[in-house]
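Numbering (UniProt numbering), first residue to last: 1 to 234. Where is the CB? At the ideal position from N, CA and C, for every residue including glycine. Only a predicted model underlies this, so the values are computations on that prediction, with no experimental measurement involved.
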């Protein structure tokens, strides 16, 4: 890692996959340090001023690879590709068709795995298609979450789909709310089921300690296989 500190941010470089990557680092007064992706899908590090350099290096080694993968996933395997006339949800193909607007409004219809987008402007394609995707996926996910929640004995779980890039899913335990990233819909159904199991098991164990993995294994004995799929989704 090479760096020179210039507040409020600096540019760091890191060698990865036989290439040198440059990314922006913001120095903050916050206690927590984390990576994120900005609006340009570029990796940004929010770095606590209170950390020592050795702690920075540990953070890079532990998390940089993950966020690099997420960045590439959004570029190369995102759910919505403007160059294609179809999408895949849970490995099932849906044809996307553009049609003139009805009543000067942007709307969609879903008929027999065909998504009809009625647009006033083609620039609205991604926005309206995202709404259609959420409309298709939400009842499917609710059914699977309810199924696994009953088996794992997790009460009254709500779900929401969002265009997030820092993870595939997370469980807000106090709100009993599981948030799924739109990009997670590109997984097949078995892998998505594992994602549900993983998040629901956090109801009992917030961290990834041994007890957590033992609980996961009760409901998904092949969890290591699916963990590998998630980590190597590229």
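What residue range does the alpha helix (DSSP H) around residue i cover?
i           : result
residue 118 : Careful: residue 118 lies outside any alpha helix (DSSP H), inside the beta strand (DSSP E) at 114-119.
residue 198 : 189-201
Since I believe residue j is in contact with residue i (beta carbons under 8 Å), could you give me their beta-carbon distance rounded to a whole number of angstroms?
i           : j           : result
residue 141 : residue 180 : 6 Å
residue 129 : residue 101 : In fact, because the Cβ distance is near 15 Å, the residues do not count as touching under 8 Å.
residue 168 : residue 184 : 4 Å
residue 117 : residue 89  : Not confirmed; about 15 Å, so no contact.
Could you check the C-alpha separation between residue i and residue j for me, to the nearest Å?
i           : j           : result
residue 45  : residue 91  : 33 Å
residue 136 : residue 219 : 26 Å
residue 232 : residue 103 : 45 Å
residue 229 : residue 192 : 11 Å
residue 213 : residue 205 : 9 Å
residue 111 : residue 126 : 19 Å
residue 138 : residue 121 : 26 Å
residue 123 : residue 187 : 27 Å
residue 209 : residue 182 : 27 Å
residue 211 : residue 194 : 17 Å
residue 3   : residue 26  : Its pLDDT being 41, under 50, residue 3 is placed unreliably in this model, and the value from its coordinates should be taken loosely. One C-alpha to the other measures close to 12 Å.
residue 175 : residue 145 : 15 Å
residue 207 : residue 215 : 12 Å
residue 115 : residue 143 : 22 Å
residue 93  : residue 157 : 28 Å
residue 134 : residue 109 : 13 Å
residue 30  : residue 163 : 25 Å
residue 113 : residue 105 : 22 Å
So, is residue i buried or exposed, given that buried needs 16 or more other C-beta atoms within 10 angstroms?
i           : result
residue 96  : buried
residue 47  : buried
residue 165 : buried
residue 77  : The predicted position of residue 77 is uncertain, since its pLDDT is 49 and thus under 50; no value can be drawn from it.
residue 226 : buried
residue 147 : exposed
residue 151 : exposed
residue 202 : buried
residue 50  : exposed
residue 7   : Here the model assigns residue 7 a pLDDT of 46, short of 50, so the residue's position is not dependable, and the following value carries that caveat. Exposed is the call here.
residue 224 : exposed
residue 1   : Any answer about residue 1 is weak, because its pLDDT of 42 lies below 50 and its placement is not dependable; what the coordinates show is given next. By the 10 Å Cβ count, residue 1 comes out exposed.
Between which two residues does the beta strand (DSSP E) containing residue i stretch?
i           : result
residue 87  : 86-89
residue 159 : 158-162
residue 96  : 92-100
residue 178 : 177-181
residue 109 : 107-111
residue 171 : 169-172
Could you check which residue in the options has the C-alpha nearest to that of residue i?
i           : options             : result
residue 177 : 166, 161 and 209    : 161
residue 155 : 173, 192 and 139    : 173
residue 107 : 209, 24, 132 and 89 : 132
residue 159 : 200, 116 and 216    : 200
residue 153 : 28, 197, 190 and 29 : 197
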